[in-house]
Every structure is written in structure tokens, then in C-alpha cells.
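Chemist: The following block contains the structure, expressed as C-alpha cells.
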Amino acid sequence: MPHEVRAVIAMKKDAPAEVQTVLVPDPGPGEVLVSVQACGVCHTDLHYREGAVGDGFPFLLGHEAAGVVEAVGEGVADPRPGDFVVLAWRAPCGSCRSCRRGRPWYCFDSQNAARPMTLPDSTPLTPALGIGAFAEKTLVAAGQAVRVDPAARPEAAGLVGCGVMAGYGAAVHTGGVGGGDTVAVIGCGGVGDAAIAAASLAGARKVIAVDIDDAKLDTATQFGATHCVNSRGTDPVAEVRRLTGGNGADLVIEAVGRPETYQQGFAMRDLAGTLVLAGVPSPDVTVELPLLEVFSRGGALKSSWYGDCLPSRDFPLLIDLYLSGKLDLGAFVTETIALDEVETAFERMLRGKVLRSVVVL
């Protein structure tokens, strides 16, 4: 029998998100039913509501979540009912060309639940990033539900499922940050602050936070930034170069997704430095770079897909870092809210008033 739950739906482009009744089926083969305990309000959910991630309306929003497995389908040995899990929007298939080459973090056929969640009139819903967790229960592929230590607070643990993993992985996996490196992070939201925390944990010599908001820069220091640059009134390229002895940073992480900040990141690298794009651009933007500079400066220009993570490996690690006091996931949580406050949380996010609002069920 389907489970009737309350959930946050985007019915059509740019319409306010609304709480509706949703029908969630029992899990089929390879699927698990998760009772959601907490779900972060991520900018990607707003992109779905705005129609910037396709036209598969109505969307069941929410994806940055933690909860408890309620039931499993045929053939599922892991996780088990009662397990505390963080939900991942990448679940490597094990058989695509990337998985077969030993690169499951690039899986090209990530698994999702096959059975649809629907409105009461049988209208199928498109779950955000294959999860749909602004809901009391959700249905996902077993590989999307990653077991972690149940001692973690759900509202903190769920953030590992997207923003924290994206920023941490951009620094550690994509950027390859190492001890003694100099690092600049452009954009000090959730992803940028996670990258700052990762660089600090990795032993970077200098971690330079760049933003246009002094309040965000103050927060960045809590995550390990050693220097802050407000680019509203200062040339960030010149200042990063000054702070690195005139050389530029070994690693620059662009966590905004705008052409002008990407160009700044390109220019503030040291010779043979690496630029990682972790911010999600809107579909209509392009960037121009002098090709001779691309050639002559060397190094690497990379894009970070979900922090190039392997959820089954990385989620438990980040939770362990949190529980040992080395990664303050709780500091990312600005406020906890109810399901019917998601639309208001979008507004606060756009005004830059929160690092993360988290729905607690």
C-alpha cells in the first residue's frame, strides 16, 4: 500500500513551492523506503523550482537529507531497516564505462528508484536529484542510502549529502589540496565554506576566503580561512597575489558559478596552479579566456562533479570527522524550519541571510 506523506512540490516554473499530499510506494527490488528526519534547503532546489534544471514538473523538492531506513525491497542486503543513512544523489552502477575503469565517482548511469512517487491523482513526480526529500518519507535506490554513525545529529549529517560533500571534495578530490599549499576560495556559502574547512584540515599553509559580504567572510574564518578578501572594494586577483608573495594560489576553488568570478580565479592562480569550478552556472552563461594564457600558465582547469566523491567511502568519513570534532557540520546550520517554511527559506537564501536552513521532520 502506498504511504500518504506531506511533501514540498514545485508544480510549475517560478510558482511558489507548496506542501501537498504525496503517495510513496513500498520499495521494489533494489529500493529502500527512508523516513526522512532532516533535509537542507540547497540552492539546487531553487533551481528546480525556477525551471533551470529541466521541465519535468511537478518536482518533489529536497535532496540534502538524512533519515532512517523503514523498509527495503527484494535483493537489498545493505542498508537494512533501522539503519541511519545520508542520501546521495550519486549511486554508482558498477557497470558503466566509468565504473569499469575504476572511476565510480564519475558514474554515467547513477541509480535511482524505479517506482514513481505520485500525487493522489496518479501524476508522477520528478524527485530533485533523484531523491525528493522535502517529504516525510521518500523512495530511493539502495545505493543512494549510505549508512553512517547514528550518533550524528540528522540536521547536520544530511548536509554531507550535497553542499558539504561538494565543497570538501572540490578541495580534496578534484583539487588535490596538500600540506603547505596556498588556497583561495571564491564564494563563502555552504560549498565554499566546506572547501575552506577541507583545505584547512589538509594542512594548507594559507586559505584565503573571497566574497563581497563581510558577514560571510567572518563565518569563513570559523571554518579555517586564514585571510579574507572583500572583492566589493578590492581587486581580489591583486590581493590574493599579494598574500601569496606575488605568485598566486596553488589551488583556486570557484564556488559561485559566474563568468567574472571564474575569470578572477583563472588569473589568481600561480604558474601550474589549479582552478576548480564548484559553483553551478546558470544555463545561459559563457566565459572567455585568452587561449595563450591557458597554454602558457599551465596547470589545470577542472570541474568538480559532486566533489568527485564516492558516497559509500566519503560520507562515513565526513561524519567521523564531525563526531571527532574536526569538521563542524553544526556550524553550517543557520536555522531549523518546518516543511511549510521552505519557500520562505528560499527568500532568505537569496538575500544571503543563511548558510543553511534545514527542514526537520
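In UniProt numbering, the protein residues as written are 1 to 361. Glycine included, each C-beta is placed from N, C-alpha and C at the ideal position.
Just mark E315 as buried or exposed, buried being the case when its beta carbon has 16 or more other beta carbons within 10 Å.
Modeler: Note on residue identity: the sequence assigns Phe, not Glu, to residue 315. Looking at its Cβ environment, which holds 16 or more other Cβ atoms inside 10 Å, F315 is buried.
Chemist: Counting pairs of beta carbons, one from the stretch 284 to 292 and one from the stretch 59 to 70, are three or more of them closer than 8 Å?
Modeler: No contact exists between the stretch 284 to 292 and the stretch 59 to 70.
Chemist: Taking the C-alpha atoms as reference points, what is the distance between L271 and G245?
Modeler: Whole-angstrom Cα-Cα distance: 13 Å.
Chemist: Taking Cβ positions, are I196 and V185 nearer each other than 8 Å?
Modeler: Going by C-beta atoms, I196 is nearer than 8 Å to V185.
Chemist: Ignoring anything shorter than 4 residues or poking outside the stretch 110 to 160, list the alpha helix (DSSP H) runs there in chain order.
Modeler: The qualifying runs are 154 to 157.
Chemist: How many Å lie between D14 and F346 at the Cα?
Modeler: C-alpha separation (whole angstroms): 12 Å.
Chemist: Please name the residue in L33, D26, P25 and C39 whose C-alpha comes closest to that of E335.
Modeler: E335 has its Cα closest to that of C39, out of L33, D26, P25 and C39.
Chemist: Buried or exposed for T182, please, with buried defined as at least 16 other CB atoms from any protein chain shown within 10 angstroms of its CB.
Modeler: Counting Cβ neighbours within 10 Å, T182 comes out buried, since at least 16 surround it.
Chemist: Residues in the same chain with beta-carbon distance under 7 Å from L243, minus the five sequence neighbours each way, listed in chain order, please.
Modeler: Correct list, in chain order: K206, I208 and H227.
Chemist: Taking the beta carbon of G130 as the centre, do at least 16 other beta carbons fall within 10 Å, making it buried, or is it exposed?
Modeler: Burial call: buried.
Chemist: Please list, in chain order, all residues of the same chain as A91 whose beta carbon is under 6 Å from its beta carbon, the five residues on each side excluded.
Modeler: Same-chain partners within the cutoff: S110, Q111, A141, G143 and Q144.
Chemist: Using only CA atoms, which one of T221, T219, A267 and D45 lies nearest to P236?
Modeler: Nearest C-alpha to P236: A267.
Chemist: Flag this pair as yes or no: are the beta carbons of G330 and R153 separated by less than 8 Å?
Modeler: Their beta carbons are under 8 Å apart, which means G330 touches R153 by this criterion.
Chemist: Given this structure, state the Cα-to-Cα distance separating V76 from V32, to the nearest angstrom.
Modeler: V76 and V32: Cα-Cα distance of roughly 8 Å.
Chemist: Evaluate Q264 with the Cβ neighbour count: other Cβ atoms within 10 Å of its Cβ, from every protein chain shown; 16 or more gives buried, anything less gives exposed.
Modeler: Burial call: buried.
Chemist: For L318, collect the residues of the same chain with a Cβ closer than 6 Å to its Cβ; drop the 5 residues on either side in sequence, then sort them by chain order.
Modeler: Closer than 6 Å at the Cβ level, and outside the excluded window around L318, lie V160.
Chemist: Going by DSSP, name the residue or residues bridged to Q222.
Modeler: Paired residue(s): none; Q222 is not in a bridge.
Chemist: Considering Cα atoms alone, identify which of P27, L277 and C107 is closest to E74.
Modeler: Comparing Cα positions, the closest option is P27.
Chemist: With DSSP run on the structure shown, which of helix, strand or coil describes S95?
Modeler: Reduced to three states, the DSSP call for S95 is coil.
Chemist: State the CB to CB distance for the pair V198 and Y322, rounded to an integer number of angstroms; the pair is presumed to be in contact (CB under 8 Å).
Modeler: Contrary to the premise, residue 198 reads as Ala rather than Val in this sequence. So it is not a contact: roughly 13 Å between Cβ atoms.
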